[in-house]
Structures are given as C-alpha cells and as structure tokens.
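Notes for the one structure printed next.
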Amino acid sequence: MIGTMVGALALTSQAVAATLTFDLNTVVSSDTPGGTAPWANAVFTDVAANTVDLVVTHNSGSQAGQFISLLRLNVDASVTGVSANAIGGKVATFNGSSFGQATDTGRTFDFSIDFKTTNAGSGAGRLLPGDSVTIRLTGTGLDALDFDEFSVGGTPLRALMHIQNTPGQAGSGKVTESVPEPATMLVLSGIAALVAARKKRI
Numbered sequence: 542m543i544g545t546m547v548g549a550l551a552l553t554s555q556a557v558a559a560t561l562t563f564d565l566n567t568v569v570s571s572d573t574p575g576g577t578a579p580w581a582n583a584v585f586t587d588v589a590a591n592t593v594d595l596v597v598t599h600n601s602g603s604q605a606g607q608f609i610s611l612l613r614l615n616v617d618a619s620v621t622g623v624s625a626n627a628i629g630g631k632v633a634t635f636n637g638s639s640f641g642q643a644t645d646t647g648r649t650f651d652f653s654i655d656f657k658t659t660n661a662g663s664g665a666g667r668l669l670p671g672d673s674v675t676i677r678l679t680g681t682g683l684d685a686l687d688f689d690e691f692s693v694g695g696t697p698l699r700a701l702m703h704i705q706n707t708p709g710q711a712g713s714g715k716v717t718e719s720v721p722e723p724a725t726m727l728v729l730s731g732i733a734a735l736v737a738a739r740k741k742r743i
C-alpha cells in the first residue's frame, strides 16, 4: 500500500514538472556568429517549489573562440525575488544576475544573467563552444513556465543572448529564437502590450 502511494506521488510529481527550451538561432543585431545555428540553447526545468534549474549550453557547432557574455529573459509579473546561483557544469563562467527591468536592442527585459568575459588564462573562465552551466533560479511562486514571457517594445522576444568574439566587424552579435511569422507577431504584440500594462500596475 505504502509503495503504491509513493509511486503515485512520484508520478504526480513528474506530471506537474515542466520544461521550457529556447534555441538561440536567429540574429537580432550586429554580427552573425560563426559556426552553425543554433549557437546556444537554454533549458528550464522545475526541480522543486519556487525552484527552477536553467542549463545554458554553448553548442559545439558555434565557431571556436566565441563566448556567451549575457542572457536576458522575461519573468511572469506575479513572481518576486528571483535570484540565481551556478550549481553545475562550468560554474566559473557565471558572473551574477540582476532581477529588474533592463533595456536592450530597444526592448525591455525582466532578468539578466552575466557570464565572465575576461581573457585571463586564455579565456578559461568563458562559456565557450561545447561548454554548459547549470544555474539554479529561485523566487516566490517561480516555475519553469514563468519564463515563457515576452519582452516589451519592438518585436517581442522571450530571450536575448549576447555572443562575443564573432568574425564580423562588430565583434559580437545578439541572438534569439526564430522570429515568428507576421500573423503570430500581431498576436504577440498584443500580448506584449498587455504585459506592459500589467507591469505598470504592479
């Protein structure tokens, strides 16, 4: 009987756990990174109440020498007090986080994660192609699907990543997921407007 109850609880836990994936394969501004897209991906997974693990992977198909310096995200307005801490993978690449609105490429995002850019040790602390880092995110009311939100201003985006040491003239590029089709964009623009109004009320 007890074994049956434990099994049922495990199945229930698995059923409510959510996963969200962003494949960063589209240039938003500046250079197109070298190598094969998607250059990186971000995977969010529920691990406990108010706790999400984010795995950021700089894919091996990205050009050698490129590195990730920044990831901007959006969070549901009901969530408060989001913080981050690197717990696995190449933890030395993590350089802090900031919960609060920030403007980038003409858009407003809610949460930013910084990665080290120093060239010390021939860039050993950078998030290079083939590297990944697991970041534990905590916040009141937080779950993985709370990151399924859009930026405000311009074309709505769920994520924006800065990749540096690219082969073009700018030396870096900002990338996101595939941009939706025009009809979808109209819907997303409406959603972004509602989000903006909601955030102002809060």
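Per the numbering used here, numbering through the sequence shown is continuous, rising by one, with the last residue being 743.
Glycine is no exception: its CB is placed at the ideal position from the N, C-alpha and C atoms.
Computed from a predicted structure; not experimentally measured.
Within a 10 Å sphere around the beta-carbon of residue 632 sit fewer than 16 other beta-carbons, which makes this residue exposed.
Residue pairing of residue 645 in beta bridges, as defined by DSSP: 648. By the criterion of at least three beta-carbon pairs nearer than 8 Å, the stretch 669 to 676 is in contact with the stretch 597 to 604. For residue 619, no pairing in a beta bridge is given by DSSP. Residue 656 is not a Cβ neighbour of residue 692, given a cutoff of 7 Å. Judged by DSSP secondary structure, residue 663 falls within the alpha helix (DSSP H) whose first and last residues are 661 to 664. Here residue 658 carries a coil assignment [DSSP, helix/strand/coil].
Remark: C-beta atoms of residue 654 and residue 612 approach each other more closely than 7 Å. Residue 625 is bridged by DSSP to 678. With a contact defined as Cβ atoms closer than 8 Å, residue 627 and residue 635 qualify at about 4 Å.
Sequence-distant partners of residue 709 (beyond 5 residues in either direction) whose C-beta falls short of 8 Å from its own C-beta, in its chain, are 571, 572 and 573.
Selection 696, 685 and 605 evaluated against residue 645 yields 696 as nearest (Cα-Cα). Following the DSSP letters along the chain, one finds residue 715 inside the beta strand (DSSP E) bounded by residues 713 to 717.
Scanning its chain for C-beta atoms nearer than 7 Å, with the 5 sequence neighbours on each side dropped, one finds around residue 687 the residues 616, 617 and 620, in chain order.
At the C-beta level, residue 666 and residue 675 stay beyond 7 Å of one another.
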